[in-house]
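Asker: Taken in sequence, the protein lines are chains A and B.
Its first residue numbered 289, the first sequence is counted upward by one per residue in the working numbering.
Its first residue numbered 2, the second sequence is counted upward by one per residue in the working numbering.
Glycine residues also receive a C-beta, built at the ideal position from the N, C-alpha and C atoms.
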Amino acid sequence: MHADTTQSRKAAAVAAFAGLDREPGVPKPDPILVVDKVVRRFGGLTAVDVDHVEVQRGSITALIGPNGAGKTTFFNQLTGFDSADEGSWTFNGKQLKGMPAHRVARAGMVRTFQLTKALSKLTVMENMRLGAQNQLGENFFRALIPGSWRRQEDEITERAEELLERFKLAAKRDDFAGSLSGGQRKLLEMARALMVGPELVMLDEPMAGVNPALTQSLLGHVKDLREEGMTVLFVEHDMDMVRDISDWVIVMAQGAVIAEGPPDTIMSDPRVVDAYLGAHHDAPMSAEEFEEQLQEAEAELESEIEEKA
Amino acid sequence: MDWNTIFVTTVKASIGLETVVYALAAIGVNIQFGYAGLLNFGQAAFLGVAAYGMAVTVATFHLPFWLGILIGLAATIVLAFLLGIPTLRLRADYLAIVTIAAAEIVRLVFRSVQFSSVFGGSDGRQNFSGDFFAMNPYSPGTYGIGPISFNERVTWVLTVGWVLIAIACGLVYLLMKSPWGRVLKAIREDEDAVRSLGKNVFSYKMQALVLGGVIGCFGGFLFALGQASVQPDLFSTEFTFYAYTIVILGGAARVFSPVVGAAIFWVLLVFVGNTLSEAVSAGLLPSLFTVNNIGAVRFMLVGLGLMLLLIFRPQGIFGDKREIALDAR
Numbered sequence: 289m290h291a292d293t294t295q296s297r298k299a300a301a302v303a304a305f306a307g308l309d310r311e312p313g314v315p316k317p318d319p320i321l322v323v324d325k326v327v328r329r330f331g332g333l334t335a336v337d338v339d340h341v342e343v344q345r346g347s348i349t350a351l352i353g354p355n356g357a358g359k360t361t362f363f364n365q366l367t368g369f370d371s372a373d374e375g376s377w378t379f380n381g382k383q384l385k386g387m388p389a390h391r392v393a394r395a396g397m398v399r400t401f402q403l404t405k406a407l408s409k410l411t412v413m414e415n416m417r418l419g420a421q422n423q424l425g426e427n428f429f430r431a432l433i434p435g436s437w438r439r440q441e442d443e444i445t446e447r448a449e450e451l452l453e454r455f456k457l458a459a460k461r462d463d464f465a466g467s468l469s470g471g472q473r474k475l476l477e478m479a480r481a482l483m484v485g486p487e488l489v490m491l492d493e494p495m496a497g498v499n500p501a502l503t504q505s506l507l508g509h510v511k512d513l514r515e516e517g518m519t520v521l522f523v524e525h526d527m528d529m530v531r532d533i534s535d536w537v538i539v540m541a542q543g544a545v546i547a548e549g550p551p552d553t554i555m556s557d558p559r560v561v562d563a564y565l566g567a568h569h570d571a572p573m574s575a576e577e578f579e580e581q582l583q584e585a586e587a588e589l590e591s592e593i594e595e596k597a
Numbered sequence: 002m003d004w005n006t007i008f009v010t011t012v013k014a015s016i017g018l019e020t021v022v023y024a025l026a027a028i029g030v031n032i033q034f035g036y037a038g039l040l041n042f043g044q045a046a047f048l049g050v051a052a053y054g055m056a057v058t059v060a061t062f063h064l065p066f067w068l069g070i071l072i073g074l075a076a077t078i079v080l081a082f083l084l085g086i087p088t089l090r091l092r093a094d095y096l097a098i099v100t101i102a103a104a105e106i107v108r109l110v111f112r113s114v115q116f117s118s119v120f121g122g123s124d125g126r127q128n129f130s131g132d133f134f135a136m137n138p139y140s141p142g143t144y145g146i147g148p149i150s151f152n153e154r155v156t157w158v159l160t161v162g163w164v165l166i167a168i169a170c171g172l173v174y175l176l177m178k179s180p181w182g183r184v185l186k187a188i189r190e191d192e193d194a195v196r197s198l199g200k201n202v203f204s205y206k207m208q209a210l211v212l213g214g215v216i217g218c219f220g221g222f223l224f225a226l227g228q229a230s231v232q233p234d235l236f237s238t239e240f241t242f243y244a245y246t247i248v249i250l251g252g253a254a255r256v257f258s259p260v261v262g263a264a265i266f267w268v269l270l271v272f273v274g275n276t277l278s279e280a281v282s283a284g285l286l287p288s289l290f291t292v293n294n295i296g297a298v299r300f301m302l303v304g305l306g307l308m309l310l311l312i313f314r315p316q317g318i319f320g321d322k323r324e325i326a327l328d329a330r
């Protein structure tokens, strides 16, 4: 039963991508996130310069690229943790540029961090409860009247307990989050993000620093998000994971999106190979290229002679 | 050695005016620093503008006492916004730099010659507490048990003070049990995580700064009323650092720690101070110690005591050792 739905959601996501072009910025049938001309410069360095990219609703999309490609900066831009110099992007048709991070999260686009941010001196349960939205007791004056928020708190606790059960953290309920292992913290962070009730989950390197024993379970949880109808966009270095769970891959290099495609063929795309290994890796020069270079050099020489004369 | 006097003054110090004032200031610091992680090094300024707001309204402009309290409160809130708006979006250290500088600016304005017609220069202001003591329900006499008793004026100030402390503690207890307090504690741990969960971090930090300032400002009113005068130098930077010492002594982020911390801090200071001066006058100490330098020795000994406390009980009196252990990871 469960396997069937997994197959169908996966199949639906894959079907949506069938026959799509491999060009960067290719339009998707039903995009949840549309990014246009986002630029971020740090002094003279252009960290992000994305012309156009779309993320398909209900899919697991991977964002890969060599170190320093601007993946995390791009992530920060989209989620309001850093401001973009130019460009615009819409989430469910809603303009997000200039929106502060907390309002982006409320809109349904929730992120996790590369360096896990478990709130150490809060218990696992308190971490979870914090994720719930529209809490009455978070208003200063209502907070003083426990009766006004107690019922909502019980509902939140119940929802949190279900999630903790699913993420196998129920036994750690009353422990400080700071006492969890690296992998458990990743799980907690993901579960906490789900408490927000997101439509798009943005995972920044979900596998970084995770004990290999936990990797499979984390992968399973990411796939579950798609089964529940959420969209996932994640940054990752581990190509095995990308091949295993993603439906579509977007490749960034030097701040720009250079290629897109399905995970099984993307790594053989020449643009991606160039980006990872450099453009002049050991491929032999073709006859045309040789001819072209020769002509360029001759033309240069001639122009120099003319200048002197 | 007059052990009786030492005993009586020490017990009186545990509930006296200083303890009340510092407890209220420290409850404010505990909200800002203990729960929300805000480094407000200008708590003295919050008490100062409140005390002066009230004193100047009554003594300089001859307006009613209650209007003075309102103006003192308003001045505190305005100060919190002035300090918070530019700094609370930045990293934590900026608030610390700005508040410590602002506290000195406030104190120097109060004692400046330029404004002495309003603030009274370094002499400060007097003659503003009449209406407060007119409300005193205690008839003239002394109240207390045996030698540990206060006259009717001090009893009135202490009654109001301890009622305010009780209210403040109740407020902190309710708030920190609630989801509001949870957001505050989460901000102390990691702002960005809280932002990513859809909470307006700036607004919560502002609320904490204002609340801590307002609770502290009642300490400022009591300080002024209890002494029936205000001077600028009461609100120097040491005041803020004593308040921090008290919070850390009691254990940060615990409801009663500022109150117990304040009592212990003043009991220690008074006990050590009185014992030393009695010992000097009885000729029990080497001639190196005189009446003139005994005040400094008192602070050295109290400082030593606090160091030992931090070494052997870093979590403070009420703190949880497990929390300190988490920091070491």
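Would you say L407(A) and N415(A) are within 9 Å of each other, going by their C-beta atoms?
Answerer: Yes, these two residues count as a Cβ contact at 9 Å.
Asker: Ignoring anything shorter than 4 residues or poking outside the segment 130-186 of chain B, list the alpha helix (DSSP H) runs there in chain order.
Answerer: DSSP runs (the alpha helix (DSSP H)) wholly in the segment 130-186 of chain B: 131-135, 153-178.
Asker: Can you tell me which of S118(B), S123(B), R323(B) puts its alpha carbon nearest to the alpha carbon of A60(B)?
Answerer: Of S118(B), S123(B), R323(B), the residue nearest in Cα terms is S118(B).
Asker: Shorter than 9 Å from the beta carbon of W437(A) to some beta carbon of chain B?
Answerer: For W437(A), the answer is yes, since a Cβ of chain B falls inside 9 Å of its Cβ.
Asker: For a test of the three-state rule: what should DSSP assign to F305(A), helix, strand or coil?
Answerer: Reduced to three states, the DSSP call for F305(A) is helix.
Asker: Let me know the secondary structure DSSP gives V484(A) once reduced to three states.
Answerer: DSSP places V484(A) in coil when its eight states are reduced to three.
Asker: Taking CB distances under 9 Å as the criterion, tell me whether H340(A) reaches chain B.
Answerer: Chain B, which has no Cβ nearer than 9 Å to the Cβ of H340(A), makes this no.
Asker: By alpha-carbon positions, which one of L277(B), F300(B), M301(B) ends up nearest to T291(B)?
Answerer: Nearest C-alpha to T291(B): L277(B).
Asker: Counting contacts by CB-CB distance shorter than 9 Å, is R473(A) in contact with chain B?
Answerer: Judged by the 9 Å Cβ criterion, R473(A) is not in contact with chain B.
Asker: Comparing alpha-carbon positions, which option in A587(A), A393(A), L488(A) lies nearest V322(A)?
Answerer: Ranking the options by Cα distance to V322(A), first place goes to L488(A).
Asker: Excluding the 5 residues preceding and the 5 following R391(A) in the sequence, name in chain order all residues of the same chain whose CB lies nearer than 8 Å to its CB.
Answerer: Closer than 8 Å at the Cβ level, and outside the excluded window around R391(A), lie G368.
Asker: Rounded to the nearest angstrom, how far is the Cβ of A51(B) from that of A24(B), given a contact under 8 Å?
Answerer: About 16 Å; that fails the 8 Å criterion.
Asker: Can you list the residues of chain A that Q208(B) reaches, using a CB-CB cut of under 7 Å?
Answerer: The answer, in chain order, is F428.
Asker: On the premise that G313(A) lies in contact with D337(A), defined as a C-beta separation below 8 Å, what is that separation, rounded to the nearest angstrom?
Answerer: Incorrect: roughly 12 Å between the Cβ atoms, too far for contact.
Asker: Show which residues of chain B have a CB atom less than 8 Å away from the CB atom of K409(A).
Answerer: Residues of chain B passing the Cβ test: K186, R189, E190, E324, L327.
Asker: Kindly indicate which residue of I433(A), I348(A), W437(A) has the alpha-carbon position closest to the one of Q421(A).
Answerer: It is W437(A) whose Cα lies nearest to the Cα of Q421(A).
Asker: For D526(A), which of E493(A), L506(A), E446(A) has the nearest alpha-carbon?
Answerer: When each option's Cα is compared against that of D526(A), the closest is E493(A).
Asker: Identify, in the order they occur along the chain, each residue of the same chain with its Cβ nearer than 6 Å to the Cβ of I444(A), setting aside the five sequence neighbours on each side.
Answerer: Taken in chain order, the residues that qualify are R417, A420.
Asker: Taking 9 Å as the cut-off, decide whether the C-beta atoms of A306(A) and G346(A) are in contact.
Answerer: Not closer than 9 Å, so no.
Asker: Mind checking whether S179(B) and L432(A) have CB atoms under 9 Å apart?
Answerer: In contact: S179(B) and L432(A) (Cβ atoms closer than 9 Å).
Asker: Starting from the Cα of A1(B), find the closest Cα among T10(B), T6(B), N293(B) and give me that residue.
Answerer: Because residue 1(B) is not part of the residues shown, which for chain B are 2 to 330, the question remains open.
Asker: Check whether the segment 221-234 of chain B and the segment 105-113 of chain B are in contact - that is, three or more C-beta pairs closer than 8 Å.
Answerer: The segment 221-234 of chain B is in contact with the segment 105-113 of chain B.
Asker: Between E453(A) and L351(A), what straight-line distance do the alpha-carbon atoms span, to the nearest angstrom?
Answerer: Computed Cα separation, rounded: 29 Å.
Asker: Return the first residue and the last residue of the alpha helix (DSSP H) that P388(A) is part of.
Answerer: First-last for P388(A): undefined, no H or E at that position.
Asker: Here's a check: name, in chain order, each residue in its chain whose Cβ is nearer than 7 Å to the Cβ of T58(B), leaving out the five neighbours to either side.
Answerer: The residues are L64, L68, G69, I72.
Asker: Beta-carbon separation of G182(B) and V248(B) under 9 Å?
Answerer: No, the pair does not count as a contact, with Cβ atoms beyond the cut-off.
Asker: DSSP state of M289(A), grouped into three classes?
Answerer: In this prediction, M289(A) has a pLDDT of 42, which is less than 50 and means its spatial position is unreliable; what the coordinates show is noted afterwards. M289(A): coil per DSSP, three-state reduction.
Asker: Check R329(A) in the structure and name its three-state DSSP category.
Answerer: If DSSP states are grouped into helix, strand and coil, R329(A) belongs with the strands.
Asker: Is V215(B) closer than 9 Å to L39(B) when the C-beta atoms are compared?
Answerer: No, they are not a contact pair.
Asker: Which stretch, first to last residue, makes up the alpha helix (DSSP H) that contains A544(A)?
Answerer: A544(A) -> not in any alpha helix (DSSP H); beta strand (DSSP E) instead, spanning 544-549.
Asker: Check whether the segment 207-214 of chain B and the segment 587-594 of chain A are in contact - that is, three or more C-beta pairs closer than 8 Å.
Answerer: Output reads no: the segment 587-594 of chain A does not touch the segment 207-214 of chain B.
Asker: Starting from L351(A) and walking both ways along the beta strand (DSSP E), at which residues does that stretch end?
Answerer: Start and end: 348-352.
Asker: Count the CB pairs spanning the segment 312-327 of chain B and the segment 287-303 of chain B that are closer than 8 Å, and state whether there are at least three.
Answerer: Contact fails: fewer than three Cβ-Cβ distances are below 8 Å.
Asker: Helix, strand or coil: how does DSSP classify A283(B) here?
Answerer: Coil at A283(B), not helix or strand.
Asker: Looking at C-beta atoms only, is the number of pairs between the segment 267-283 of chain B and the segment 6-22 of chain B that lie closer than 8 Å three or more?
Answerer: With the cut-off at 8 Å, the segment 267-283 of chain B and the segment 6-22 of chain B touch.
Asker: Only counting the same chain, and skipping five residues up and downstream in sequence, which positions put a Cβ closer than 7 Å to that of V21(B)?
Answerer: Closer than 7 Å at Cβ, skipping near neighbours: L159, G162, W163, I166, L223.
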